[in-house]
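Residue numbers (this note's numbering): 1 to 511. Don't be surprised by glycine CBs; every beta carbon is placed ideally from N, CA and C. For reference, the structure is listed below as C-alpha cells.
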Amino acid sequence: MPDISDGELVLLARHGDEVAFRLLVERHQPMVRARARQLCANPSDTDDVMQEAFLRAFIALDQLRDPDRFAAWLAGITANVCHGLRRRGGLALLPDWPEPLHPVANDGVPSADDIDRADAVRAAMAQLPAAQRRTVVLRYYADVEAGTGAARASLHKARRRMRAYLTEHRPDLVPATARRPLMTTVRIARSGRRDEMSHLPGRAPTYVVLLADESGRELPLWFLAADGFRLDQLLRAEPEQVPDELTVRMLGALEATVTGVEIGELGPEVAAARIGLTGPAGTRQVTVRLVEGLAISIAARARIGVADAVMDRLAVPAGTTPVRQAAVGGGGVMAPGRPGEPVSRRPERPRYSPRNVTFADGLDGWLFGGSFTENVSDSHWRDYECVTDDGTAAITSAVPEPAGFALLGQEVYADDYRGSTLVFRAVLRAPEGRAGLFFRVNEGRPIRGPLTEQAAFGDPDNNVTIVANDPDWSPHQISARVPADVEVVVFGIFLAGPGRVELRNPELRPL
1 MPDISDGELV
11 LLARHGDEVA
21 FRLLVERHQP
31 MVRARARQLC
41 ANPSDTDDVM
51 QEAFLRAFIA
61 LDQLRDPDRF
71 AAWLAGITAN
81 VCHGLRRRGG
91 LALLPDWPEP
101 LHPVANDGVP
111 SADDIDRADA
121 VRAAMAQLPA
131 AQRRTVVLRY
141 YADVEAGTGA
151 ARASLHKARR
161 RMRAYLTEHR
171 PDLVPATARR
181 PLMTTVRIAR
191 SGRRDEMSHL
201 PGRAPTYVVL
211 LADESGRELP
221 LWFLAADGFR
231 LDQLLRAEPE
241 QVPDELTVRM
251 LGALEATVTG
261 VEIGELGPEV
271 AAARIGLTGP
281 AGTRQVTVRL
291 VEGLAISIAA
301 RARIGVADAV
311 MDRLAVPAGT
321 TPVRQAAVGG
331 GGVMAPGRPG
341 EPVSRRPERP
351 RYSPRNVTFA
361 DGLDGWLFGG
371 SFTENVSDSH
381 WRDYECVTDD
391 GTAAITSAVP
401 EPAGFALLGQ
411 EVYADDYRGS
421 TLVFRAVLRA
431 PEGRAGLFFR
441 VNEGRPIRGP
451 LTEQAAFGDP
461 DNNVTIVAND
471 PDWSPHQISA
481 RVPADVEVVV
491 FGIFLAGPGR
501 VELRNPELRP
511 L
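Listed below in C-alpha cells is the structure:
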C-alpha cells in the first residue's frame, strides 16, 4: 500500500487531524533540520528554527494553495525563519467534561440520543473505583468543587479513565474536538536559572519554569535569556514591563477571555501551546510558542494543562531540578554562583582591576560562558570546557561540532579608566580552530540581537582580534578608548567552533 501523500495529510490536518500533521513533521523533520543547519549563522539556532518553522506552517496551513507542494513551502518558511534571525541580530481547553451528564434536552424532555449518551456515561462511571466514582458524582451531579489536592487528583484520574472507556467503547459519543491528548492540570511551582556554570554578566543563562501537577511531578521548560526575562517580570508581579498584560486588557475590551493554555506537541521535538479563547463569536484556539502561551496564562491567571504523554515522558520528581531561585513569589531572581547568592549588578566589593591574571587560583575571578550555554537543548550545554594548569587557561571544544562559541573573560568597573585608552595584552596559542582576544567597552548594553557569533563579532562595542590555527605562542593586543559614561569593560578570549585556545599573561593597562 503506497504511503499517503503530503497533499492528503495537509487536507486531513486542515480538518483538525493532529495525527496527520504529526506525520508531516516526522516526514520532513530531517529536511528542515538540514536546511536550518545550512542557513543559520550559528549552529545553536538549528533547534529553534526547526520548532519555529513547523509552528508557522501549522498556523498558516490554510494559506497553502497547493497541498502537494508542502515540502517546498515548508523549506521556504525555514529559510524565512533563518533570515529573520539574521535581521534580528492537546486538549482544547474543554470544559470540565465535554458532554452534558444530565440527559435533558433544551425543552426539558430527554431525547433517545440524550438517554443513550447518559447510559454510556453511567457505564463509564461504573468501571471506576469507588472513591473516584464518588468524586465524579460530587463534582458533576452535586456541583461540589474538589477542594483538596487529593480530591482534584482523584477527579483527574476519573476523567482520564472515563474518557478512555468512552473512546474505546463509544467513540461516536466523543466529539472530534475532544479526540486530543489527555491533559494534566499543572501550576507554575518554581522558576529560575540553570545551575550549571558561570556566565557573563548581563547575559542571563538558560531560564527554567517548572510546572507541577498534583502527584508530585515537575515538568521543566527551558527558555533562552530574553524569553526568561519576560516570564520573570510577569512572575514577579511587574506586568507593566511586558506586553502580555496589555494583550489581556485588549481581549477584555473585545469581550473575549482566555479560558486556559495547554501545552503539547505538534510532532516529535516540536512543542507548542494552545491558548483557548471565548467571546461573542464563540470559542477558538490559537497555537503559539511556549513562551507566548505561558506569558498569557500568567497575565490572565488562566489554567495551564500539559498533555499527559508529555508529562509521562519528561516530568521529573519535584525538587530535583537545580535552579537559583526560591518558589514563585518568594523573592528576587537568583543567578548561578554560590547557593542562595542574589543577582546584583555589582559584587559585594568594588573591583576596578583584573584579578587572578596568573591563574594561580584556577578560574577564580574569571567567567566562563558563551552562546552555547543558551542553546535550547541541554545536549549542547557542555560542548565546551575550560581548564587551567601552570599559569595557563585553555578553552577546548568537547565535541566534534560544538554549538555556538565559548569565552573566558573578566568584567571590571571602569571608574579608574574613564577618559583613557585601555590596552588588553596576552600571549595566545590556538593550535586548532578560530579563536582570539575580545575587549568590550559599552554602557551596559547587551550584544545587539541574539547571542550568536555573527552578532558578537558585528557589535560595534566589541573589539576582536582573531587567531586561527597558530600552534606557537605569540603576543596579541587590543586597545580601545573608555568614554566617561562607560560603567564596565569586559576582556578575555573566545573559541568559535571545534578546536582549542590557550591564554597566558593577560594584562589590562592604560596606554
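Where the beta strand (DSSP E) through residue i begins and ends
{"i": "glutamine 477", "result": "462-481"}
{"i": "serine 191", "result": "183-193"}
{"i": "valine 490", "result": "488-510"}
{"i": "glycine 279", "result": "270-279"}
{"i": "phenylalanine 359", "result": "It is not in any beta strand (DSSP E) - phenylalanine 359 carries neither H nor E in the DSSP assignment."}
{"i": "leucine 224", "result": "Per DSSP, leucine 224 belongs to no beta strand (DSSP E) and is neither H nor E."}
Per DSSP, cross-strand counterpart(s) of residue i
{"i": "isoleucine 59", "result": "Bridge partners of isoleucine 59: none, in fact."}
{"i": "glutamate 214", "result": "DSSP output for glutamate 214 lists no bridge partner at all."}
{"i": "isoleucine 304", "result": "Val186, Val261"}
{"i": "glutamine 285", "result": "Gly276"}
{"i": "valine 441", "result": "Val489"}
{"i": "glutamate 432", "result": "Arg500"}
{"i": "phenylalanine 368", "result": "Leu408"}
{"i": "alanine 426", "result": "His476"}
{"i": "proline 67", "result": "Paired residue(s): none; proline 67 is not in a bridge."}
Candidates the options, of which the one nearest residue i by Cα
{"i": "proline 67", "options": "Asn80, Phe21, Gly267", "result": "Phe21"}
{"i": "alanine 120", "options": "Leu166, Val489, Arg504, Leu503", "result": "Leu166"}
{"i": "glutamate 262", "options": "Ala272, Pro268, Ala256", "result": "Ala272"}
{"i": "leucine 64", "options": "Val25, Val10, Asn80", "result": "Val10"}
{"i": "valine 81", "options": "Ala123, Ala124, Ile59, Ala36", "result": "Ala36"}
{"i": "alanine 406", "options": "Ala414, Ala394, Asp415", "result": "Ala394"}
{"i": "leucine 224", "options": "Thr278, Leu290, Arg382, Ala414", "result": "Leu290"}
{"i": "alanine 300", "options": "Arg249, Arg425, Ser420", "result": "Arg249"}
{"i": "leucine 511", "options": "Gly499, Asp62, Ile478, Arg429", "result": "Ile478"}
{"i": "leucine 320", "options": "Gly391, Cys386, Pro220", "result": "Reading off the sequence, residue 320 comes out as threonine, not leucine. The shortest C-alpha separation from threonine 320 is found at Pro220."}
{"i": "tyrosine 384", "options": "Ala281, Thr392, Val25, Phe372", "result": "Phe372"}
{"i": "valine 483", "options": "Tyr417, Asp470, Arg429", "result": "Correcting the residue type first, residue 483 is proline in the shown sequence and not valine. Comparing Cα-Cα distances from proline 483 to each of Tyr417, Asp470, Arg429, the minimum goes to Tyr417."}
{"i": "aspartate 390", "options": "Asp470, Arg434, Asn505", "result": "Asn505"}
{"i": "cysteine 516", "options": "Ala403, Pro243, Leu155", "result": "Outside the displayed range of the chain (1 to 511) lies residue 516, so it cannot be described from this structure."}
{"i": "glutamine 51", "options": "Asn442, Gly362, Thr287, Glu401", "result": "Thr287"}
{"i": "aspartate 364", "options": "Trp381, Thr388, Arg382, Pro268", "result": "Thr388"}
{"i": "glycine 154", "options": "Arg170, Glu168, His169, Ala130", "result": "Inspection of the sequence shows that residue 154 is occupied by serine rather than by glycine. Minimum Cα distance to serine 154 is reached at Ala130."}
{"i": "valine 186", "options": "Pro171, Arg170, His169, Val209", "result": "Val209"}
{"i": "valine 464", "options": "Asp48, Glu8, Arg500, Arg434", "result": "Arg434"}
{"i": "threonine 283", "options": "Ala118, Val310, Gly260, Leu231", "result": "Gly260"}
{"i": "proline 317", "options": "Arg230, Ala309, Ser420, Ala212", "result": "Ala212"}
8 Å contact criterion, which residue i and residue j should meet: CB distance rounded
{"i": "tyrosine 207", "j": "arginine 193", "result": "6 Å"}
{"i": "glutamine 410", "j": "proline 354", "result": "5 Å"}
{"i": "serine 191", "j": "leucine 235", "result": "6 Å"}
{"i": "methionine 183", "j": "alanine 307", "result": "6 Å"}
{"i": "valine 467", "j": "glycine 497", "result": "Contact flag wrong, Cβ pair sits at about 13 Å."}
{"i": "valine 489", "j": "valine 423", "result": "About 11 Å separates the two Cβ atoms, so there is no contact after all."}
{"i": "threonine 257", "j": "glycine 279", "result": "7 Å"}
{"i": "phenylalanine 70", "j": "leucine 266", "result": "Going by Cβ atoms, the distance from phenylalanine 70 to leucine 266 rounds to 14 Å, so no, they are not a contact pair."}
{"i": "alanine 151", "j": "threonine 135", "result": "6 Å"}
{"i": "leucine 408", "j": "phenylalanine 368", "result": "5 Å"}
Boundaries of the alpha helix (DSSP H) in which residue i is found, first to last residue
{"i": "arginine 14", "result": "6-14"}
{"i": "glycine 293", "result": "290-300"}
{"i": "glutamate 26", "result": "18-39"}
{"i": "glycine 252", "result": "244-253"}
{"i": "alanine 131", "result": "130-136"}
9 Å Cβ cutoff, residue i in contact with chain B
{"i": "histidine 15", "result": "Annotation note: the requested chain B is absent from the structure, which comprises a single protein chain."}
Ignoring anything shorter than 3 residues, give me the beta strand (DSSP E) runs that lie fully in the segment 373-424, in order along the chain. 384-389, 392-397, 405-413
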